[in-house]
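To keep things clear, I will list the structure first and then write my remarks on it.
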Amino acid sequence: MIRLAVAYAVVGALLIAGWQLRDSLSFIDGRVDDARAVQPEHRPIAPALYLDISREFVLQARDLLDEDVTYAVVTGPNVAVSNDLVLAAVGGFMPYVLLPRRQVRREDAEWLLCYGCDRKLTQAGSVGWESEGMAIVRMRA
Amino acid sequence: MTARALGGLLALNACYLVAGLGLIAAFRPVLDRRDALRLLALGYMVGLAAVGTVVVQLTIVGVAPEPAVSVLVAAVMAVGGATVAVRSGGLRGLAIAGEPPREPFLLIGAIVAGTALLFLAALVRYAWIKPLTAWDSWAVWVPKGMALYFGGGLTPELFDALPARSYPLFVPVLQASAFEWMGAVATSALHVQWALLAIGFVFAVAALMRPFVPLVYVWPFLLLLLVVPGSRQQILRPEADFPVLYTFVLGALAMGLWIVRRERWYLVLATVFLAAGVTIKREGLLYLFAVGLAAFVVTSGDWRARWRPLALACAVAAAAAVPWHVWLRTHDVQAESSPPITGGAGIVGDVAEEPDRILPALEHVATTLFSYDLWRLAPALGLFSLGLALVFARDRRLSLLLLTTSLIAAAGYTWRILWGTETPGAFEEGALPTTRNVTALVFLWCCAAPLLLATLAPRLVDAGRTRSFGALTERFDKLAPALIVLPAAVFVAAGVARGDYGWESCERDPDGTGPVHVVFETTSSALEAGPLRDRIVALGFVGTTIRRDDCGRTRVLLRWIPSARVGREIIAEARPAGLDPWLVEP
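The listed protein sequences correspond, in order, to chains A and B. Position one of the first sequence corresponds to residue 1 (our numbering), numbered consecutively onward. Position one of the second sequence corresponds to residue 142 (our numbering), numbered consecutively onward.
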């Protein structure tokens with residue numbers, strides 16, 4: 001009886017694994033196709049594509065900010081977003097894209113990355129790039 | 142993935158393999174070539190755990206996780222281990238000693254093992270091109286690895302601005318080491334590293350059980366674990382959940398084998414894995430406590446002989462967590478988003494004041510643990526095997542160890558929920574790590590199941606046994622190695638022919654119109670770029686700066702030159718100064 005129970009366990013694992021295998025292989029194939037659809041130049045900023053953070057904003061920030069500067073991300077309602085996550089995610093996403101540039105408090109930042117923020121905050125700086133409620137502004141050298 | 146990145150990753154992992162094989166050889170005789178082959182994956186995981194733990198401690202005291210550090214630590218372990226092995230006569234040559242042990246249904250076991258390897262090859266194919274998208278990966282774990290890489294170690298300037306500063310360092314150090322070896326912040330390539338961990342883990346589990354558990358018992362459970370939805374969603378994420386799970390399962394299995402078989406090397410393995418666990422994630426401390434306490438309980442009948450080595454093993458493993466906690470204290474970093482594991486009576490008291498929340502929390506753990514959507518029937522089968530062994534096995538020490546460990550771990554998960562939420566019943570997975578936590582128990586039960594089932598029929602595999610398990614299958618038993626390797630080899634070869642494993646293009650040649658960048662050099666380390674830029678600026682190329690390319694390599698360059706013609710003039714000016722720049726499309 002014990003041997004039968006052992007056989008049940010092993011055969012059960014084998015059958016479920018075999019049944020699940022096809023599903024998992026097609027799952028992976030689907031994900032491979034999704035990954036292939038991402039342009040090579042967008043791969044380093046792929047989370048922005050999935051979250052629908054403006055690609056232009058992210059690429060401009062990477063281009064404009066030197067590697068040893070400090071920056072702060074300020075968000076606000078003055079920009080069109082496709083989902084609620086965008087404004088919550090953009091501040092946490094930028095270190096992944098911009099390191100070794102350091103994210104600091106707004107008052108201490110050399111650059112302000114404004115994603116729908118109140119533009120009064122950026123009036124004192126020189127605008128490096130702006131578009132549709134977003135701006136990348138140099139506050140001080 | 143670039144050729145340089147792949148080469149770097151493979152070299153880093155070769156360091157782990159060599160170090161692990163050295164450590165194993167120091168504590169256990171390597172019997173023959175077959176035995177050495179069997180130990181490869183286990184050696185890799187031991188080396189990863191041991192080298193990783195030491196490099197973490199070195200990082201905490203201010204040493205950057207550079208390639209030379211990994212090489213040095215691995216070399217010390219490999220040479221030290223080999224020296225001990227040679228002196229003790231542990232290396233007995235690499236001739237094959239005798240016939241392989243006979244076992245039932247070997248061919249079926251080999252076919253299932255081959256299918257598992259095929260699935261792992263499919264995972265590698267996905268990892269090869271997968272962009273990094275998982276939230277915790279880009280928000281928490283990878284930026285910390287990048288900060289270690291860019292800062293040349295644990296620099297507060299870069300580290301302080303990141304979330305989850307108090308989380309242990311093993312995974313960021315592993316990532317930073319990978320970046321160093323790849324010569325680039327190739328974040329997508331980390332998926333390949335995590336695929337290598339998965340391969341190492343499943344074969345290490347199989348290696349721990351061989352030669353006394355038949356293949357046909359081992360691989361159905363391992364294949365099942367790989368293909369259930371809960372695994373495939375998480376297994377490639379370059380985060381700490383799966384690495385801590387791997388060390389927990391391997392540590393618990395090694396501890397069980399030490400208790401049952403009394404061979405010292407199993408206790409060494411358990412110590413190495415559990416020590417690595419506490420440097421990977423705070424759950425590692427829970428797992429060390431669970432396995433250690435369960436081992437003390439199970440060996441209580443043999444108290445005099447066992448308590449000293451067991452206490453030493455637990456103390457060594459726990460000591461691995463101390464430097465990081467000292468660093469946190471001295472830098473005044475508070476724990477965030479998780480309870481301090483050594484929270485003390487205050488937290489226990491808070492929970493005891495609200496008994497109406499305990500049952501819903503326990504229910505949440507149980508429903509996640511047995512979720513059909515995540516795990517199909519894997520935990521049920523694992524628990525069924527554990528139950529069978531508890532009731533029918535002559536030696537119940539292994540099953541008791543696993544049961545006690547599981548109960549303590551489940552209590553820990555429940556405590557985590559109670560600490561992390563305030564409303565009874567409102568346990569939303571997004572805010573809690575329950576799925577990630579219970580994955581460890583599902584893996585523990587299913588990885589232990591073959592061993593538990595084998596304890597019910599202990600004479601299944603026997604080298605000296607001559608009775609045939611079936612003349613027909615026995616005749617083809619020599620095909621088993623080919624059946625394991627061939628499907629994956631064919632899959633990979635077909636993928637190569639189809640171009641699935643192509644190299645990433647890091648920069649584009651200018652098309653002749655529009656502005657260009659003049660790249661002076663691509664450096665293999667971020668720290669080299671600053672001085673190089675300063676030297677080039679001093680030569681008169683004002684405006685030279687540092688940027689990463691699409692592959693994460695650090696470039697020193699002059700950007701937005703109006704045309705290719707002007708760019709070529711700059712190149713002509715730079716050559717007499719010993720520079721060899723080139724033009725790229727912005």
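Ideal Cβ positions, reconstructed from N, Cα and C, are used throughout, including at glycine. Here the structure is a predicted model, which is why all the values come from computation and not from measurement.
Task: Member of B:452, B:673, B:265 and B:429 whose CA lies at the smallest distance from the CA of residue 28 (chain A) - done: B:265
Task: Residue range of the unbroken beta strand (DSSP E) whose run includes residue 663 (chain B) - done: 657–664
Open item on the list: Between the alpha carbons of residue 586 (chain B) and residue 520 (chain B), how many angstroms are there, rounded?
Closed with: 7 Å
Open item on the list: Pull the bridge partners of residue 723 (chain B) from the DSSP assignment, please.
Closed with: B:660
TODO: Taking only runs that begin and end inside the stretch 287–342 of chain B, name each unbroken alpha helix (DSSP H) of 4 or more residues, in chain order.
DONE: 297–300 and 311–323
- [ ] Would you verify that the beta carbon of residue 693 (chain B) is, or is not, closer than 8 Å to some beta carbon of chain A?
- [x] yes
TODO: For chain A, find out if any of its Cβ atoms is closer than 8 Å to the Cβ of residue 263 (chain B); answer yes or no.
DONE: yes
- [ ] For residue 302 (chain B), decide whether its Cβ has a neighbour in chain A, counting only Cβ atoms nearer than 8 Å.
- [x] yes
TODO: With DSSP as the reference, please indicate the residues paired to residue 552 (chain B) in a beta bridge.
DONE: BP columns for residue 552 (chain B) are empty, so no partner.
Task: Assumed close pair residue 333 (chain B), residue 381 (chain B) - CB separation to whole angstroms, cut-off 8 Å - done: Not a contact, Cβ separation roughly 18 Å.
Open item on the list: For residue 504 (chain B), report the span of its alpha helix (DSSP H) as first-last.
Closed with: 499–510
Task: Under 7 Å from the C-beta of residue 287 (chain B): neighbouring residues of chain A - done: 99
Open item on the list: Rounded to the nearest angstrom, what separates residue 148 (chain B) and residue 316 (chain B) at their Cα positions?
Closed with: 15 Å
Task: Distance, residue 152 (chain B) Cα to residue 578 (chain B) Cα - done: 31 Å
Task: Proximal residues of chain B, C-beta to C-beta of residue 132 (chain A) below 7 Å - done: Neighbours of residue 132 (chain A) on chain B: none; closest Cβ ~22 Å, over 7 Å.
TODO: Inspect the beta-carbon positions of residue 595 (chain B) and residue 353 (chain B) and report whether they are closer than 8 Å.
DONE: yes
Task: Residue nearest to residue 127 (chain A) in terms of C-alpha spacing, selected from A:64, A:85 and A:52 - done: A:64
- [ ] Taking all protein chains shown into account, decide if residue 513 (chain B) is buried (16 or more other Cβ within 10 angstroms of its Cβ) or exposed.
- [x] exposed
TODO: Please classify residue 229 (chain B): does DSSP put it in a helix, a strand, or coil?
DONE: coil
TODO: For residue 631 (chain B), write down the residues that DSSP places opposite it in a beta bridge.
DONE: Answer is none; residue 631 (chain B) lacks a bridge partner.
- [ ] Kindly indicate if chain A contains any beta-carbon less than 8 Å away from that of residue 606 (chain B).
- [x] At residue 606 (chain B), the pLDDT of 47 sits below 50, so the modelled position is not reliable; the number obtained from the coordinates is stated separately. Not closer than 8 Å to any Cβ of chain A, the Cβ of residue 606 (chain B) fails to qualify, so no.
- [ ] Determine, using beta carbons only, whether residue 60 (chain A) comes closer than 8 Å to chain B.
- [x] no
Open item on the list: Between which two residues does the beta strand (DSSP E) holding residue 136 (chain A) run?
Closed with: 134–138
Task: CB contact flag (residue 693 (chain B), residue 457 (chain B), <8 Å) - done: no
Task: Contact residues within the stretch 444–477 of chain B, judged by C-beta distance below 8 Å to chain A - done: none
Open item on the list: Measuring only the C-alpha atoms, how far is residue 350 (chain B) from residue 533 (chain B)?
Closed with: 20 Å
Open item on the list: Contact between the stretch 686–704 of chain B and the stretch 653–667 of chain B is defined here as three or more beta-carbon pairs at a separation below 8 Å; is this criterion met?
Closed with: yes
Task: residue 670 (chain B) beta carbon less than 8 Å from that of residue 687 (chain B) - done: yes
- [ ] Could you check which residue in A:34, A:62 and A:114 has the C-alpha nearest to that of residue 77 (chain A)?
- [x] A:114
Task: For residue 226 (chain B) and residue 608 (chain B), the rounded distance between their alpha carbons - done: Residue placement at residue 608 (chain B) is flagged as unreliable, the pLDDT there being 46, under the threshold of 50; a coordinate-derived value is accordingly withheld.
TODO: For residue 111 (chain A), count neighbouring Cβ atoms within 10 angstroms of its own Cβ and tell me buried if that reaches 16, exposed if not.
DONE: buried
Task: Boundaries of the beta strand (DSSP E) in which residue 257 (chain B) is found, first to last residue - done: Here residue 257 (chain B) belongs to no beta strand (DSSP E); instead the alpha helix (DSSP H) covers 247–270.
Open item on the list: Please report whether the beta-carbon of residue 660 (chain B) lies at a distance below 8 Å from any beta-carbon of chain A.
Closed with: no
Open item on the list: At the level of alpha carbons, what is the spacing between residue 509 (chain B) and residue 551 (chain B)?
Closed with: 11 Å
Open item on the list: Just to confirm my understanding: we take residue 211 (chain B), look at its own chain, exclude 5 residues before and 5 after, and list those with CB closer than 7 Å. What are they?
Closed with: 153, 156, 192, 196 and 318
TODO: Taking residue 220 (chain B) as the reference, give the member of B:160, B:305, B:548 and B:468 with the closest Cα.
DONE: B:160
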